[in-house]
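Notes follow the structure.
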Amino acid sequence: MNQASRLLIIKQMLNEKDELTTKDLAEYFKVSFDTVRRDVLRLASTGQAVRFHGGIMNNNLNDVPGYRTRSHVRSSVKASMAAAAEKMVIPKRLYFIGASTTLVLLCQLLNKKNITVITNSIDNALNLSQNTLPRVELLGGQLDKGNRYTYSLETLTQLDSFTFDTIFIGTSRVCEEGIYVVDKDDAVILKKAIMRSKRVVVIAEQYKFNSEQSSPYKLADCSEIDVLITDNKLSEAYKKWFKKTIEVKYIKVKEGE
């Protein structure tokens with residue numbers, strides 16, 4: 001059994017029992033303690049569970065943790081995905097970058113680049129303001145303090161004046177019907193920004209493909225995605241959700257990172 005399959009089972013087990021020991025998991029899967037430790041590290045590094053000495057516990061959240069929880073997670077997976085996105089950025093172009101903990105890392109890599117970035121994310125704007133470049137425009141409106149983004153009806157009208165070369169967005173759920181997020185106000189802004197973009201780049205870890213979290217607000221059909229950055233190869237079933245011309249960038253990570 002590969003790591004992805006074990007992680008899915010561990011998450012299901014945590015829903016039934018709030019905490020598990022590495023000994024329990026090693027015996028259940030009939031694998032070594034080192035293998036189990038790598039599994040535990042992987043879940044903890046993406047904020048899906050909390051690691052403690054000798055085991056792992058449920059973080060009492062849904063499959064996809066909230067923004068504040070994810071913002072404190074330091075993950076080599078997120079860093080690698082951000083680096084892959086940065087390679088797609090071309091000077092003298094206009095970009096929209098959505099609110100996402102991984103995209104905050106992307107913004108840290110864009111300082112001094114001769115580009116223009118439009119965003120509704122407070123953290124994106126702060127990380128892009130360390131140098132004279134890039135040029136940054138933070139969309140106005142009411143502030144969602146929990147998820148640290150702005151939104152307003154006026155912003156929707158403002159977005160009509162832009163044509164973005166590329167939009168970079170995160171998502172809380174990917175399924176056959178499309179890509180989804182948790183918050184309605186964020187979804188309205190992102191949906192309009194997608195309509196105004198020539199290229200749509202989605203960043204999504206593999207666990208979001210298996211998420212059962214209630215993410216009711218659809219951003220786009222899978223067929224509208226031009227580039228997908230993820231941390232594992234897509235199964236044949238998942239591949240059928242997307243158009244044949246989609247570019248999938250796989251981030252290679254070692255088990256446990």
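In the UniProt record's numbering, the protein residues as written are 1 to 257. Glycine included, every Cβ here is placed at the ideal spot set by N, Cα and C.
- Within the same chain, and ignoring the five residues on either side of threonine 22 in sequence, the residues whose Cβ sits closer than 7 Å to its Cβ are Phe33, Val36, Arg37, Val40, Gly54 and Gly55.
- With respect to glutamate 205, valine 77 sits close: the two C-beta atoms are nearer than 8 Å.
- Note that the C-beta distance between tyrosine 217 and valine 181 is below 8 Å.
- Exposure of phenylalanine 52 is indicated by the presence of fewer than 16 other C-beta atoms within 10 angstroms of its C-beta.
- When Leu94, Lys243 and Asp186 are compared, the shortest CA-CA separation from lysine 145 is found for Asp186.
- When DSSP states are grouped into helix, strand and coil, glutamine 142 belongs to the strand group.
- Looking from the CA of serine 121, the closest CA among Ala99, Pro134, Asp221 and Gln158 belongs to Ala99.
- Closest option to phenylalanine 209, judged by alpha-carbon separation, among Cys175, Glu137, Phe96 and Lys198: Cys175.
- Proximity to methionine 81 across Cys107, Asn59, Lys184 and Leu94 peaks at Cys107, based on C-alpha coordinates.
- Per DSSP, reduced to three states, the secondary structure at serine 215 is coil, with no helix or strand assignment.
- Beyond the five residues adjoining it in sequence on each side, phenylalanine 96 comes within less than 6 Å, by CB distance, of Ile118, Phe164, Ile167 and Ala193 in the same chain, given in chain order.
- Beta bridge pairing from DSSP links cysteine 175 with Gly178.
- Under the three-state reduction of DSSP, methionine 88 is assigned to coil, being neither helix nor strand.
- Per DSSP, the continuous beta strand (DSSP E) segment holding glutamate 247 begins and ends at 247–250.
- The closest CA to that of glycine 141, considering only Thr157, Met13, Gln3 and Ile203, is found on Thr157.
- Ranking Leu103, Thr116 and Lys112 by CA distance to the CA of asparagine 124 puts Leu103 first.
- The beta-carbon distance between leucine 7 and leucine 43, rounded to whole angstroms, is 6 Å. This is short enough to meet the 8 Å contact definition.
- Methionine 57 and glutamine 48 have their alpha carbons spaced roughly 10 Å apart.
- Separation of leucine 25 and methionine 1 (C-alpha to C-alpha, rounded to the nearest whole angstrom) is 13 Å.
- Looking at the backbone, the Cα of threonine 46 and that of serine 75 are separated by about 7 Å.
- Minimum Cα-Cα distance from leucine 219 among the listed residues Leu234, Met195, Ala237 and Ile229 corresponds to Met195.
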